[in-house]
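Here is the structure we will look at, set down as structure tokens.
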Amino acid sequence: MMNRTRLPLCILLISILGGCAAPTTTTQAPQQRGGQIDQLLAAANNAPTIQAAELKYQAAQLMFKQGNEAQARALLDQIDTRSLPPALAFDIARMRATQALGVQESSRALGYLDRAILPPSLPAPQQAELGELRAQAYVQQMQPIAAARELIAAAQLQTAPDVRQEIHNQIWQILKQSSDDEISDAVRTPGNNYYEQGWFELAQQVRSGVDMTVGGSALAQWKTLWESHPAYSQPPQGLAGHTLAPLDVRRIGLLLPLSGNLAEPARAISEGFFAAVMAGGAHNQHPDIISIDSTVITTPGQLATVIANQQLDLVVGPLSRDYVAQLSQSPAMPAPILALNQANTTSPGIYHLDLASEQEATLVAQRAWQDGHHRVAIIVPQAEWGERLADTFRQTFNALGGTVATQLNYQPNEELSGQIGGMLLTNRSQARAKEVRRIIGQRLEFEEHPRDDIDAILMTALPQEARQIKPMLAFHFAGNLPVYATSHLYEGTPDPVRDVDLNGIHFIDLPWTLNPASPAHVALRASRNDVDGRFGRLYALGIDAYNLYPFLPGLSSNSQAYIDGETGRLMLSSQQRVIRELPWAVFDNGVPQLLPDAENQTPALLPETADPGVQPTP
């Protein structure tokens, strides 16, 4: 029996499998093995056909162990497997195929595994193993649907539930790695059998992502049609997040400061949270909310006592980074924590939802790269938060293969033209022209030229400076450079007169700002006058904290699962951090215009090592 320890096929697990080698002689000296090979071959020359084949098979095993692959292959090629007992024919085919797969010769492996040259009476487990080997060969050839078909057939030949579960997991990994077109073509193939069609339709239903707020209706529809399918009774592990029930919460502790420098941001978060409660949320739960002052309950030990005494099922908060760090380094709490800041370490049972601008900077750099730009300039304010975002721009763009040619940390209170000219090197060309005029003593025609090693600009700037930077780029003959920006340049409400100088800038922002207002947003707008500015994003954070919590188990178990929130399309990273996909807009006549959905597909590939914090300002 071949070794059944597997890695996901999507990463091309191809190796010389332990089952194709004899379990003995691994420590024998080469001379001793060489003598055994000679003895086996001599005996084979005088043996009947079947015995000769067995002896040559044993000799080939020893040759492979010596590293004499060519000699072993030549010896095996002498054996006509069609006249052999099924078990021996299977062993020889498996050895030849696994050796070929180990050196990435998938076509040769498939030739060895051709069903036409193997006995039709192979037992089911051996047929399943050959199917798995064929699947590996198709994976090497980048034919995922063919590989999936082989595994689907192999699964039906297995009777052991744990082995079948492993194969189901592999099938799902392969189908998840297939393209949309490959899945669509597979679904439409007329010759599919029942098992194949069920798997392909399942992949088509859920591959585009699962909106947890609609209760997995696509999956429910598949289950109605395919209740006798093996993927129904033994779903692959990767499908777990599609089927998990929402987190059942009856009492929530809202852990926020009621005084201190975070009290005002906490107030906005709290009001957003309760606005979502009043609006009904994205779920049908109606938990009791218990307010906890984080300036009074200041340690993990105190919080654990409150959770136990109040019988809390969930805690939302704290907001302070230091407090979150303490929780991450403490023993597990009696209830899950949805923290509103980040920590350097992760801890089971703690999820993180925040508005850190590093997520935006990551998406901006990715978008510039996706649009075909490879050498960029970075413009950020001369401030700690600006440098932090510049680091994220650079790390993300460099990781993608791009180059950061230059960086400007502009001084907001100083004249910007000279700073922009210095970045673009136009000041240098002006100085050269002035020196030439001095030397020759005559006036001369001079045309200013910016540097030519930049094809885009990544920018973080507050509105006042952003409105100056774009015209200054044009003044220095760089107005044609695409500019990609974080949300900081937009105040949150249309101002076409003041924002006309932002025309052409592509920027990223929250759905809270760019999309039509939700019921909770409308309710808050009616009672507060700071909802639509930058501070208003904290209300959005509170709304999402309430709408998100029931779906944390599903998001944690399924990387394709999401909910659409006020702060973005929300998913969960492997470090239990909520990551956000955000919509893109471009300024046109001073007004942000949402880009079409086809242009709004920047993936949320947040580096797992990022360490941002809550940013109430800027």
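In mature numbering (1 follows the signal peptide of the UniProt record, and there is no 0), the protein residues as written are -21 to -1, 1 to 597.
Think of the CB as a built atom: it goes at the ideal place given N, C-alpha and C, for glycine as much as any other residue.
For the stretch 456 to 525, list the beta strand (DSSP E) runs that are entirely contained and at least 3 residues long, ordered along the chain. 462 to 464, 485 to 487
Assigned secondary structure, W563 (DSSP; H/G/I helix, E/B strand, else coil): Mapped onto the sequence shown, residue 563 falls at position 584. Annotated three-state conformation of W563 is strand, per DSSP.
Assuming the contact rule is C-beta atoms closer than 8 Å, H147 and A103 should be a hit. Round their C-beta distance to whole Å, please. For this step, residue 147 is matched to residue 168 along the sequence shown. For this step, residue 103 is matched to residue 124 along the sequence shown. For H147 against A103, the beta-carbon gap comes to about 17 Å, at or over 8 Å, which does not count as contact.
Going by DSSP in three states, M550 sits in which element: helix, strand or coil? If you number the sequence shown from 1, residue 550 lands on position 571. Strand.
Would you list the residues sitting across from V570 in a DSSP beta bridge? Numbered from its first residue, the sequence shown carries residue 570 at position 591. According to DSSP, V570 bridges with D567.
CB contact flag (residue 636, A502, <9 Å): The chain is shown from -21 up to 597; residue 636 falls before or after that span and cannot be answered.
Check the C-beta distance from I29 over to P64 and give it rounded, since I have them as a contact under 8 Å. As a position in the sequence shown, residue 29 is number 50, starting the count at 1. As a position in the sequence shown, residue 64 is number 85, starting the count at 1. About 7 Å separates the two Cβ atoms, so the contact holds.
According to DSSP, is D272 helix, strand or coil? Locating residue 272 in the sequence shown gives position 293, counting from the first residue. If DSSP states are grouped into helix, strand and coil, D272 belongs with the strands.
Chain-order list of residues whose beta-carbon lies under 6 Å from that of C(-2) (same chain, five-residue window excluded): Counted from its first residue, the sequence shown places residue -2 at position 20. Low confidence applies to C(-2): its pLDDT is 36, below 50, so where it sits in the model is not reliable enough to give any reading.
Take A311 and list the residues in its own chain whose beta-carbon comes closer than 8 Å to its own, dropping the five residues that flank it on each side. Within the sequence shown, numbered from 1, the residue matching residue 311 stands at position 332. So the qualifying residues of the chain are S326, P327, G328.
Is L441 helix, strand or coil by DSSP? Here residue 441 refers to the residue found at position 462 when the sequence shown is read from its first residue. In this structure, DSSP gives L441 a state outside helix and strand, which the three-state scheme calls coil.
If we ignore side chains and look at the alpha-carbon of each, how far apart do L241 and T546 end up? Here the question's residue 241 lines up with position 262 in the sequence shown. Here the question's residue 546 lines up with position 567 in the sequence shown. Each residue's alpha carbon lies about 20 Å from the other.
Taking only the alpha-carbon atoms, compute the straight-line gap between Q398 and P391 and give it to the nearest angstrom. Indexing the sequence shown from 1 puts residue 398 at position 419. Indexing the sequence shown from 1 puts residue 391 at position 412. Roughly 10 Å separates the two Cα atoms.
On the DSSP letters alone, give me the boundaries of the alpha helix (DSSP H) that T77 sits inside. For the purposes of this step, residue 77 is taken as residue 98 along the sequence shown, with counting starting at 1. Run containing T77: 65 to 81, per the alpha helix (DSSP H) assignment.
In whole angstroms, what is the alpha-carbon distance linking A133 and W348? Position 154 of the sequence shown, counted from the start, is the residue given in the question as residue 133. Position 369 of the sequence shown, counted from the start, is the residue given in the question as residue 348. Their backbone Cα atoms lie some 42 Å apart in a straight line.
Once DSSP output is grouped into helix, strand and coil, what is the label at R230? Here residue 230 refers to the residue found at position 251 of the sequence shown. Of the three classes helix, strand and coil, the one that applies to R230 here is strand, per DSSP.
Identify the continuous alpha helix (DSSP H) that holds L291 and give its terminal residues. Reading the sequence shown from its first residue, position 312 is the one you call residue 291. Neither: L291 is in no alpha helix (DSSP H) and is coded neither H nor E.
Supposed contact pair L234 and I268 - C-beta distance, whole angstroms, cut 8 Å: Stepping through the sequence shown from its first residue, residue 268 is reached at position 289. Stepping through the sequence shown from its first residue, residue 234 is reached at position 255. Actually they are not in contact, since the Cβ atoms of I268 and L234 sit about 11 Å apart, beyond 8 Å.
At which residues does the alpha helix (DSSP H) containing L342 begin and terminate? Within the sequence shown, the letter at position 363 stands for residue 342. Residues 336 to 349.
What span of residues does the beta strand (DSSP E) with I329 cover, start to end? Counting from 1 along the sequence shown, the entry for residue 329 is found at position 350. Where I329 is concerned, the enclosing beta strand (DSSP E) stretches over 329 to 331.
Near T492, what residues of its chain come up, given a Cβ to Cβ distance below 6 Å and the 5 sequence neighbours on each side ignored? Numbered from its first residue, the sequence shown carries residue 492 at position 513. So the list reads G471, once near-sequence residues are dropped.
Which residue or residues does DSSP assign as beta-bridge partners of N388? Taking the first residue of the sequence shown as 1, we reach residue 388 at position 409. V359, per the DSSP bridge assignment.
Quick check: the stretch 377 to 392 against the stretch 432 to 448, are there 3 or more CB pairs under 8 Å? yes
According to DSSP, is D301 part of a helix, a strand, or is it coil? For the purposes of this step, residue 301 is identified with residue 322 of the sequence shown, where counting begins at 1. Here D301 sits in helix by DSSP.
Under 8 Å: do the stretch 343 to 361 and the stretch 437 to 445 share three or more Cβ pairs, one atom per stretch? yes
Could you give the distance in angstroms between the alpha-carbon of E587 and the alpha-carbon of A304? Position 608 of the sequence shown, counted from the start, is the residue given in the question as residue 587. Position 325 of the sequence shown, counted from the start, is the residue given in the question as residue 304. For E587, the predicted model reports a pLDDT of 39, less than 50, meaning its position is unreliable and no value from the coordinates is stated.
Ends of the beta strand (DSSP E) at residue 598? Outside the displayed range of the chain (-21 to 597) lies residue 598, so it cannot be described from this structure.
Across which residues does DSSP place T382 in a beta bridge pair? Here residue 382 corresponds to residue number 403 of the sequence shown, with the count starting at 1. Looking at the DSSP assignment, T382 forms a beta bridge with R354.
For M121, count the other beta carbons within 10 Å of its own beta carbon; 16 or more makes it buried, fewer makes it exposed. Which is it? The residue you call residue 121 lines up with position 142 of the sequence shown. Burial call: exposed.
CB contact flag (D567, N482, <9 Å): Here residue 567 refers to the residue found at position 588 when the sequence shown is read from its first residue. Here residue 482 refers to the residue found at position 503 when the sequence shown is read from its first residue. The answer is yes: Cβ separation under 9 Å.
DSSP puts L235 in a beta bridge; with which residues? Your numbering for residue 235 matches position 256 in the sequence shown. Beta-bridge pairing links L235 to D272.
Residues in the same chain with beta-carbon distance under 6 Å from M42, minus the five sequence neighbours each way, listed in chain order, please. Here residue 42 refers to the residue found at position 63 of the sequence shown. Cβ neighbours of M42 beyond the five flanking positions: Q50, A51.
Nearest neighbour of A116, chosen from V82, V142, Q144, T371 [CA to CA]: Mapped onto the sequence shown, residue 116 falls at position 137. Considering only alpha carbons, the answer is V82.
Taking all protein chains shown into account, do 16 or more other C-beta atoms lie within 10 angstroms of the C-beta of M257, making it buried, or fewer, making it exposed? On the sequence shown, residue 257 is found 278 positions in, with the first residue counted as 1. M257 comes out exposed.
Per-residue DSSP class, three states only, for A318: Taking the sequence shown and counting its residues from 1, the one referred to as residue 318 is at position 339. Strand at A318.
State buried or exposed for G239, treating a residue as buried only when at least 16 other CB atoms are found within 10 Å of its CB. What you label residue 239 is simply residue 260 of the sequence shown in a count that begins at 1. So G239 counts as exposed.
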